[in-house]
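Okay, structure first, notes after.
Number of protein chains: 2
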Amino acid sequence: MQKSLSVSEYSSILLENAVNEFSRLPGIGKKTALRLALHLLREDAHHAQALAQAITQMRDNILLCEKCYNISDTKLCGICSNPKRDENTLCVVADLRDVLAIERTSTFNGLYHVLGGVISPVEGISPSDLHLQALVDRTQKESFNEIILALPATIEGDTTNYFIFKQLSAFKGKITSISKGIAIGDALEFADEITLSRSILNRTPFTAL
Amino acid sequence: MQKSLSVSEYSSILLENAVNEFSRLPGIGKKTALRLALHLLREDAHHAQALAQAITQMRDNILLCEKCYNISDTKLCGICSNPKRDENTLCVVADLRDVLAIERTSTFNGLYHVLGGVISPVEGISPSDLHLQALVDRTQKESFNEIILALPATIEGDTTNYFIFKQLSAFKGKITSISKGIAIGDALEFADEITLSRSILNRTPFTAL
């Protein structure tokens, strides 16, 4: 009964540190952070080691692809360096999660260009914060036939689409945009009005599959 | 365009490792894990370092208090080693989160005993998996006047309460249990039937505050 320091709320500074660090992550509050830390304490020690190591190694060694700004372990990402990809089609996305999402559909075999966001005056993201100049450069150096704009269906996405469209005035190929409308499997009554009105305005010729 | 390895789904093995490790944590799926990993990539590198270090240090150095089995940075936890705590009252809880919860209320100034769970045949937790013998030993060595059973208000909690009560037959002091009933601020109509019937059966003399 020697010490009577004012002890941390968690009766352990070590636990408190871990909880604090976990709770800096997005969507993780103090309660969840505590649950995660206690889970690591209950589990075998190598789980905690593996997590810590994976975090450190990722943060220290990961790169952005020199060409498309997708994340990569090598200078050129696996998509840019894959000779089987169609080098004539470029898909412009806001975020690297969008690359993952599109890759998961297996319907696109071209290359990507990751902007790193969309133009948003509200959030203080201007064109110069994005990999837009690099996009323009690529369209001059590489031989694309088509550039697909696959940005979010938001005002910011539309603004960025328009900005890119203007920037690419010298581009000779097609510039297309992903279609917007009601989601597959959705009933019309549950679609919001703007989506529904867009999907009527942008109706396409019917083709029997 | 040299390499065309089959690349990880995340276009980076480093990212994939981090996602996999995060998604082993309870309540964290692949999508959330990806969000966490990408957050660490976007943020300053020292955030990722701090998280990794906090995890490692916690896992490597944290102890269980020799007396009460609360987690601790030292052999005796801050509560057991605090001479200002009332050494005559012992509160038996299932989990160290319960210690935190009770400490937050500032209504208890005694000592704790953390069982590490409750007896649960369904989950295969038998009395020998819990710090029950240590509890019996403590009641013989230390000078408690009262032992408060603060286990969960579940069948398993009740079973464990009963088991402890039997084990402590030699204990001369009071054995009490936290009260159960409708939560403060709750309307009766929203309380479940079992809670409401318990709170009628266990009614207490009215005292004007």
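Those protein sequence lines, which keep their order, are chains F and P. The working numbering puts the first residue of the first sequence at 1144, with every later residue one more than the last. The working numbering puts the first residue of the second sequence at 1144, with every later residue one more than the last. All residues carry an ideal CB built from backbone N, CA and C; glycine is no exception.
Inset, instruction - Please check if any C-beta of chain F sits within less than 8 Å of the C-beta of ILE1318 of chain P. - result: no
Legend entry - Simplified DSSP assignment, three categories, for SER1263 of chain F: strand
Legend entry - Backbone CA spacing between MET1201 of chain P and LEU1179 of chain F [nearest angstrom]: 12 Å
Inset, instruction - Would you decide whether ILE1291 of chain P is buried or exposed? Buried here means 16 or more other CB atoms lie within 10 Å of its CB. - result: buried
Legend entry - Residues bridged to GLU1289 of chain P [DSSP beta-bridge criterion]: P:THR1232 and P:LYS1317
Legend entry - Range covered by the alpha helix (DSSP H) that runs through LEU1183 of chain F: 1173–1185
Legend entry - Local Cβ density within 10 Å of ALA1313 of chain F, reported as buried at 16 or more and exposed below that: exposed
Inset, instruction - For chain P, find out if any of its Cβ atoms is closer than 8 Å to the Cβ of ARG1281 of chain F; answer yes or no. - result: no
Legend entry - From P:GLU1230, P:CYS1208, P:ASN1160 and P:LEU1177, residue whose alpha carbon lies closest to that of LYS1284 of chain P: P:GLU1230
Inset, instruction - Check the Cβ-Cβ distances between PRO1169 of chain P and every residue of chain F, and say whether any is below 8 Å. - result: yes
Legend entry - For PHE1308 of chain P and ILE1318 of chain P, believed in contact at Cβ under 8 Å, the rounded distance: 6 Å
Inset, instruction - Indicate whether at least one CB of chain P lies closer than 8 Å to the CB of ALA1161 of chain F. - result: yes
Legend entry - Against chain P: residues of the segment 1214–1225 of chain F by CB proximity under 9 Å: ILE1214, SER1215, ASP1216, THR1217, LEU1219, CYS1220, GLY1221, ILE1222, CYS1223, SER1224 and ASN1225
Legend entry - Status (buried if at least 16 other CB within 10 Å, exposed otherwise) for LEU1258 of chain F: buried
Inset, instruction - Measure the alpha-carbon distance for VAL1235 of chain F versus TYR1255 of chain F and round it to whole angstroms. - result: 6 Å
Legend entry - Reduced DSSP secondary structure (H/G/I, E/B, other) of LEU1294 of chain P: coil
Legend entry - For LEU1177 of chain F and LYS1210 of chain F, the rounded distance between their alpha carbons: 41 Å
Legend entry - Same chain only: Cβ atoms within 6 Å of MET1144 of chain P, ignoring 5 sequence neighbours per side: For MET1144 of chain P, the predicted structure reports a pLDDT of 37, less than 50, and the residue's modelled location is therefore unreliable. A value from the coordinates is still provided. Here the set comprises nothing.
Inset, instruction - On a CA-only basis, which of P:LEU1206, P:PRO1169, P:LYS1315 and P:GLY1300 is nearest PHE1287 of chain P? Give me that one, please. - result: P:LYS1315
Legend entry - Pick from F:LEU1233, F:ILE1343 and F:GLU1336 that is closest to ALA1277 of chain F, judged by C-alpha positions: F:LEU1233
Legend entry - Residue-level contact to chain F via CB, TYR1153 of chain P, 8 Å cutoff: yes
Inset, instruction - Kindly indicate if chain B contains any beta-carbon less than 8 Å away from that of ASN1204 of chain F. - result: Absent here is chain B; the protein component of the structure consists of chains F and P.
Legend entry - Presumed contact (8 Å Cβ cut-off) between GLY1324 of chain P and ASN1304 of chain P, rounded CB distance: Incorrect: roughly 16 Å between the Cβ atoms, too far for contact.
Legend entry - ALA1188 of chain P at chain F interface by Cβ criterion, 8 Å: yes
Inset, instruction - Compute the Euclidean distance between the alpha carbons of CYS1223 of chain P and VAL1261 of chain F, then round it to the nearest angstrom. - result: 55 Å
Legend entry - Beta bridge counterpart(s) of VAL1257 of chain F as assigned by DSSP: F:VAL1236
Inset, instruction - Give a yes or no on whether 8 Å exceeds the smallest Cβ distance from GLU1285 of chain F to chain P. - result: no
Legend entry - Alpha carbon of LEU1294 of chain F to alpha carbon of PRO1264 of chain P, nearest angstrom: 54 Å
Inset, instruction - Anything in chain F within Cβ reach of ILE1198 of chain P, meaning under 7 Å, just list it in chain order. - result: ALA1161, LEU1183, ALA1191, LEU1194 and ALA1195
Legend entry - Where LEU1206 of chain F falls: helix, strand or coil (DSSP): strand
Inset, instruction - Taking PHE1251 of chain P as the reference, give the member of P:VAL1279, P:TYR1212, P:LYS1227 and P:ILE1205 with the closest Cα. - result: P:LYS1227
Legend entry - chain P contact for LEU1157 of chain F (CB, 8 Å cutoff): yes
Legend entry - LEU1181 of chain P beta carbon less than 8 Å from that of HIS1190 of chain P: no
Legend entry - Contact set for ILE1245 of chain P: own chain, Cβ-Cβ below 6 Å, skip 5 residues either direction: PHE1251
Inset, instruction - Rounded to whole angstroms, what's the CA-CA distance from LYS1146 of chain P to ASN1160 of chain P? Just pull it up for me. - result: A caution first: LYS1146 of chain P carries a pLDDT of 39, below 50, which makes its placement in the model unreliable, though a value can still be read off. Each residue's alpha carbon lies about 21 Å from the other.
Inset, instruction - Following the continuous alpha helix (DSSP H) through LYS1284 of chain F, name the residue where it begins and the one where it ends. - result: 1275–1284
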